[in-house]
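Take a look at the structure below.
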Amino acid sequence: MQNHPIIKLIQESNYLPKIPKAFGEILNMLLKPCEFNIDECIEKFSNIPELESTLIQILNYNSKLNREILSLKDAVLYLGAKNTRIIAIAYITRLLLPNRNGRAKIFNNEIYWKHCIGTSIASYMIAAETCLCDKDKMFTYGLIHDIGVTVLDICLPEHLDKIHTLQLKGLHQIAAGKIVLSGLTHAEIGMWICKEWGLPEEIAEIVGYHHTPFINSQVSNEVRLMYLADSISTNYYEKLLGNKTTFIYSDRTSELLNISEAFIEDIAKKLPKEVDKVNRIIDFKF
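The numbering of the sequence shown is this note's numbering, which starts it at 136 and goes up by one.
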């Protein structure tokens with residue numbers, strides 16, 4: 136993977152931001168709230184000033200408290216591990232796109248961001264229904280599951296535009312990606328960047344395998360659930376693009392997760408309204 140020509144182009148683009156090692160360590164801590172040590176977490180947050188200021192800024196912007204939040208400890212105590220984790224994941228995504236517009240000219244990352252939120256919501260609903268996974272974790276993972284697309288947007292925008300053009304013509308995103316990226320997929324790029332940045336292994340696996348839930352017998356329920364959630368949200372995304380393409384997911388996944396077709400259809404109906412609601416909350420300004 137490291138020697139793949141597309142990976143080399145990404146590295147040589149000079150657009151990929153450097154993520155401090157502390158970020159991955161923070162996420163690992165926030166993913167285990169029962170073992171959460173706030174003082175240790177605060178210490179690691181202090182190594183990433185931009186993330187620290189973001190937490191305080193967002194809390195003061197959205198909070199109805201009668202006092203202003205001035206310290207990072209106040210912010211984390213008020214938000215809790217779950218909400219701090221969500222903002223941290225959203226932060227890393229927005230860090231790649233500081234002006235929100237990306238660099239691609241045809242691909243629209245604001246519309247794609249809605250797909251990511253849709254995947255988060257769908258995964259949360261499925262996890263809540265099945266009780267197979269932590270629903271809050273799944274919501275968080277949905278925000279970052281397609282980080283490989285975001286990396287292409289900032290580092291190789293021309294490649295992403297070519298992929299998107301093929302997709303608009305009816306070709307599946309994965310097939311289009313392999314054509315343009317010399318056999319590579321955005322999921323593989325996402326898994327690579329997760330490991331480069333030291334993000335938790337469970338995040339890297341979901342990012343890397345959410346399109347291939349049957350790649351081996353060791354694939355987790357989280358990966359399978361994300362695959363189904365992504366499929367539901369992909370159909371929502373295609374409608375946002377004005378496409379009539381329908382993504383067909385594997386029935387085997389819904390059977391393994393014990394999810395009915397009626398429940399999947401219910402998620403699909405609720406998604407547009409729920410995405411707009413969540414987008415107003417987490418689509419914050421830096």
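For every residue, glycine included, the Cβ atom is placed at its ideal position computed from N, Cα and C. Keep in mind the model is a prediction, meaning the values are calculated, not measured.
Beta carbon of residue i nearer than 7 Å to that of residue j
{"i": "G325", "j": "I282", "result": "yes"}
{"i": "I298", "j": "A310", "result": "no"}
{"i": "V410", "j": "G253", "result": "yes"}
{"i": "F81", "j": "S366", "result": "The structure shown has nothing for residue 81, since the chain only spans 136 to 421."}
{"i": "L207", "j": "F180", "result": "yes"}
{"i": "I261", "j": "A364", "result": "yes"}
{"i": "Y372", "j": "H280", "result": "no"}
{"i": "P335", "j": "L166", "result": "yes"}
{"i": "T380", "j": "G305", "result": "yes"}
Segment limits, alpha helix (DSSP H) that includes residue i
{"i": "Y150", "result": "Looking at the DSSP string, Y150 is not in any alpha helix (DSSP H), and its letter there is neither H nor E."}
{"i": "C290", "result": "282–290"}
{"i": "Y384", "result": "Careful: Y384 lies outside any alpha helix (DSSP H) and carries neither H nor E."}
{"i": "W327", "result": "321–331"}
{"i": "E337", "result": "336–344"}
Rounded separation between residue i and residue j - CA only
{"i": "L360", "j": "L392", "result": "7 Å"}
{"i": "L144", "j": "L295", "result": "13 Å"}
{"i": "P407", "j": "Y362", "result": "19 Å"}
{"i": "L212", "j": "Y226", "result": "19 Å"}
{"i": "I246", "j": "K153", "result": "26 Å"}
{"i": "A403", "j": "H346", "result": "19 Å"}
{"i": "T320", "j": "I204", "result": "42 Å"}
{"i": "A210", "j": "I191", "result": "6 Å"}
{"i": "E357", "j": "A239", "result": "31 Å"}
{"i": "T369", "j": "I173", "result": "37 Å"}
{"i": "N287", "j": "Y276", "result": "Asn is not the amino acid found at residue 287; the sequence shown has Leu there. If I take the Cα positions, the gap works out to 19 Å."}
{"i": "V413", "j": "S148", "result": "33 Å"}
{"i": "D401", "j": "I289", "result": "35 Å"}
{"i": "K374", "j": "Q302", "result": "13 Å"}
{"i": "K420", "j": "W248", "result": "Confidence at K420 is low in this model, with a pLDDT of 43, below 50, so the placement of that residue should be treated as unreliable; the coordinate-derived value is given next. Whole-angstrom Cα-Cα distance: 14 Å."}
Assigned exposure category for residue i - 16 Cβ within 10 Å defines buried
{"i": "G215", "result": "exposed"}
{"i": "R387", "result": "exposed"}
{"i": "M164", "result": "buried"}
{"i": "N218", "result": "buried"}
{"i": "M136", "result": "exposed"}
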